[in-house]
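Protein chains in written order, with this note's numbering: chain A, 1 to 243; chain B, 1001 to 1243. We put the beta carbon where it would ideally sit given N, CA and C, even for glycine. See structure below.
Protein chains: 2
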Amino acid sequence: MKSSSTPAYQPLYRQIKVLLTERLESGEWKPGEPIPSEIDLAQRFSVSQGTVRKAVNELAHENVLVRRQGRGTFVASHANEHTQLGFLRISPDDGGVDTLQADLIECRRIKADASAARQLEIETGQPLMRLRRALAINGRRVIYEEARVPAELFPGLDAFVLEQHRCMLYSMYESAFSVKIVAAEERLKAVAADEESATILGLTVGAPLLMMVRVAYTYGRKPVELRRSLCNTAAHHYANDIS
Amino acid sequence: MKSSSTPAYQPLYRQIKVLLTERLESGEWKPGEPIPSEIDLAQRFSVSQGTVRKAVNELAHENVLVRRQGRGTFVASHANEHTQLGFLRISPDDGGVDTLQADLIECRRIKADASAARQLEIETGQPLMRLRRALAINGRRVIYEEARVPAELFPGLDAFVLEQHRCMLYSMYESAFSVKIVAAEERLKAVAADEESATILGLTVGAPLLMMVRVAYTYGRKPVELRRSLCNTAAHHYANDIS
DNA sequence: GAGTGGTCTAGACCACTCA
DNA sequence: GAGTGGTCTAGACCACTCA
């Protein structure tokens, strides 16, 4: 195993990328807004436009920025439908996701257990908010999920705030708490439905469910959400492209 | 829905990319071998090195080519371990894949049903080869899978050829039949084990299994393999990064 | 030291958007 | 028509590999 320390030599465009990321983290440029033009940025940083382009291109490939020819470069936003769907990989076997509806089942404050604390890089016992909800795709309830986030990052998060933002958690994190989700790691397993999930999803105990366990990250690969989703895949599937 | 026709304007580097892909398809540059240097290619195509670089970069991002600074640019190969593992997304919950072993269960000629024919873009009734095998990761048998490929593309494929290449199907497709897999689409579901899969994986009927249904593509997004894998995810998981 | 890919620049021009 | 990102060029130099 190699150490993950940064190599000594870092090209100029990587340094520019770090500077851009810092601006994004600081909230100077907010989701949905345009960042300065390439020519402007090149002047600010005293580098050529080509060097800025390389930095911006990498951030665009990581879905942190969105380029639009003739208009400008924008900070990616979960308010945008397209970005949302990148994180929802479940769809009906026969077609796309037309409507998405969430029913809140629980929203309460808990203490982080050792495992959650380790994954969220906080101390054991720190307060978390735990949300449980059921999701319906095109009117059919197929997902039961639980999300846990550090309470500190989401002050005032309660059922009322959730109500206002309906189903889109990442859009809410972004607009109400300035926490921008930029990446996630998922692990999938097949499990048997327990009593709780069977009841909520209208299945029999023991029915096979697709379990998705996710760690979601904000800028700088800082973990900010743990999620466990259970999906009835009788008429739905998880799609993935490999190349 | 927009039509998927190619837009009228295609930049030069895209045209170069098409030319490079044609050379790869023709077998002029084989997996594992280097392609000509950027300067050489630029001269051949009468464009600047920068334009060649852009075309090569896209193919490298698609894992069709592999760049190695100071050495050259190589055609990606499934003989390379790293490329193999890109297509095997299952790993043990506690660690990596150290050994992989395949037991062949069946290898026979069948006729394509309507569904398979549609997905492989051939005529119904055309001959297919159907392989069934069990995979063991680090000595534990966890996957039972079936692969179907057009017999025409794999002349002489039989148990003996399979034996020689052990578990790595894509490596065999590539080296024995010059069929290079470059991408795949997967759909995942949770299902209950039937009698056959339960017997092979040493489980009880009804146990939850992760089902992966895959269409694999060669150059030009031509579909060349259908695969259905059933995985016991009691101590293993399917990993996916989202960004 | 020769050859490879990787970075950086400066400048020209193109495609696209919007007022 | 002004401003944006997108393409393309030519050239300089750097990091890396290998004989």
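* Asked: Do you know offhand how far Met-211/A's Cα is from Leu-201/A's?
  -> Each residue's Cα considered, the two are about 13 Å apart.
* Please report the residue range of the beta strand (DSSP E) in which Asn-240/A lies. => Its beta strand (DSSP E) spans residues 236-242.
* To do: With DSSP collapsed to three states, give me the class of Leu-19/A.
  => Reduced to three states, the DSSP call for Leu-19/A is helix.
* **The alpha helix (DSSP H) enclosing Met-1172/B, as first and last residue numbers** => From DSSP, the alpha helix (DSSP H) with Met-1172/B extends over 1169-1177.
* Ala-1102/B and Arg-1133/B look like a contact to me (Cβ under 8 Å); what is the Cβ gap, rounded to whole Å? -> Yes, they are in contact, since the Cβ atoms of Ala-1102/B and Arg-1133/B sit about 5 Å apart, within 8 Å.
* Asked: Can you find at least 3 beta carbon pairs, one from the stretch 171-183 of chain A and one from the stretch 218-238 of chain A, that sit closer than 8 Å?
  -> A contact is defined here as three or more CB-CB pairs under 8 Å, and the stretch 171-183 of chain A meets this definition with respect to the stretch 218-238 of chain A.
* To do: Kindly list, in the order they appear in chain A, the residues whose Cβ is closer than 8 Å to that of Leu-1209/B.
  => Contact annotation for Leu-1209/B against chain A: Ala-190 and Pro-208 [CB-CB distance below 8 Å, chain order].
* To do: Quick one: which unbroken beta strand (DSSP E) runs of 3-plus residues sit fully inside the stretch 66-122 of chain A? Chain order, please.
  => Complete beta strand (DSSP E) runs here, min 3: 72-75, 90-92 and 100-111.
* **Residue-level contact to chain B via CB, Thr-233/A, 9 Å cutoff** => The Cβ of Thr-233/A sits closer than 9 Å to at least one Cβ of chain B.
* Asked: Between Tyr-1013/B and the rest of its own chain, which residues show a CB-CB distance below 7 Å, the 5 nearest in sequence each way excluded?
  -> The residues are Thr-1051, Lys-1054 and Ala-1055.
* Using a cut-off of 8 Å between C-beta atoms, extract the partners of Val-1182/B located in chain A. => The contacting residues are Ser-243.
* DSSP-derived helix/strand/coil call for Arg-1166/B -> Correct three-state label for Arg-1166/B: coil.
* Hey, Pro-150/A and Gln-126/A are a contact pair by Cβ (cut 8 Å); roughly how many whole angstroms apart? -> About 7 Å; that satisfies the 8 Å criterion.
* Beta carbon proximity, Ala-1239/B to chain A, threshold 9 Å -> The beta carbon of Ala-1239/B falls within 9 Å of a beta carbon belonging to chain A, placing the residue at that interface.
* Can you tell me the Cα-Cα spacing of Glu-196/A and Val-1205/B, whole angstroms? -> Going by the C-alpha atoms only, they are around 23 Å apart.
* **Beta-carbon contacts of Ile-16/A that lie in its chain and below 7 Å, excluding the five residues immediately before and after** => Hits under 7 Å: Phe-45, Val-47, Thr-51, Val-52 and Ala-55.
* Three-state secondary structure (DSSP) at Leu-131/A? -> Assignment of Leu-131/A by DSSP, reduced to helix, strand and coil, places it in the strand class.
* chain B contacts made by the stretch 58-72 of chain A, where a contact means CB separation under 7 Å -> Result list: Glu-62 and Asn-63.
* **Arg-1186/B, DSSP secondary structure in three states** => A small fix is needed here, since residue 1186/B is Glu in this sequence, not Arg. Of the three classes helix, strand and coil, the one that applies to Glu-1186/B here is strand, per DSSP.
* **Where Glu-1186/B meets chain A, residues with beta-carbon distance less than 7 Å** => Under a criterion of Cβ atoms nearer than 7 Å, the residues of chain A adjacent to Glu-1186/B are, in order, Asn-240 and Ile-242.
* **Enclosing beta strand (DSSP E) for Ile-181/A [first to last residue]** => From DSSP, Ile-181/A is part of no beta strand (DSSP E); its letter is neither H nor E.
* Below 6 Å CB to CB, which residues in the same chain sit around Arg-1141/B once its five sequence neighbours on both sides are set aside? => Only Ala-1134 meet the Cβ criterion.
* To do: Classify Val-1191/B as helix, strand or coil using the three-state DSSP reduction.
  => Correct three-state label for Val-1191/B: strand.
* **Counted within 10 angstroms of its Cβ, other Cβ atoms place Lys-1111/B as buried (16 or more) or exposed** => Exposed: under 16 other Cβ atoms inside 10 Å.
* To do: Would you list the one or two residues that DSSP bridges to Glu-145/A?
  => In DSSP, Glu-145/A forms a bridge with Arg-133/A and Ser-229/A.
* To do: Check whether the Cβ of Val-1224/B lies closer than 9 Å to any Cβ atom in chain A.
  => Between Val-1224/B and chain A, the shortest Cβ-Cβ separation is not below 9 Å.
* Asked: Just reading off the alpha helix (DSSP H) that Arg-1214/B is part of, what are its end residues?
  -> First-last for Arg-1214/B: 1208-1218, but that is the beta strand (DSSP E), not the alpha helix (DSSP H).
* Asked: Name the residues in the stretch 1083-1102 of chain B whose C-beta lies less than 9 Å from a C-beta of chain A; which are they?
  -> For the stretch 1083-1102 of chain B, which is checked against every Cβ of chain A, the residues closer than 9 Å are Gly-1086, Phe-1087, Arg-1089 and Asp-1093.
* Round the Cβ separation of Arg-1227/B and Glu-1146/B to the nearest angstrom and send it over; I've been treating them as touching at under 8 Å. => The Cβ separation is near 7 Å, so the contact holds.
* Asked: Taking only beta-carbon atoms, is His-1078/B less than 9 Å away from chain A?
  -> No - not a single Cβ of chain A is within 9 Å of the one on His-1078/B.
* Could you pull the start and end residues of the alpha helix (DSSP H) that Gln-1010/B belongs to? => No alpha helix (DSSP H) holds Gln-1010/B; DSSP gives it neither H nor E.
* When burial is assigned at 16 or more other CB atoms within 10 Å of the CB, is Thr-1124/B buried or exposed? -> Answer is exposed; the Cβ neighbour count stays below 16.
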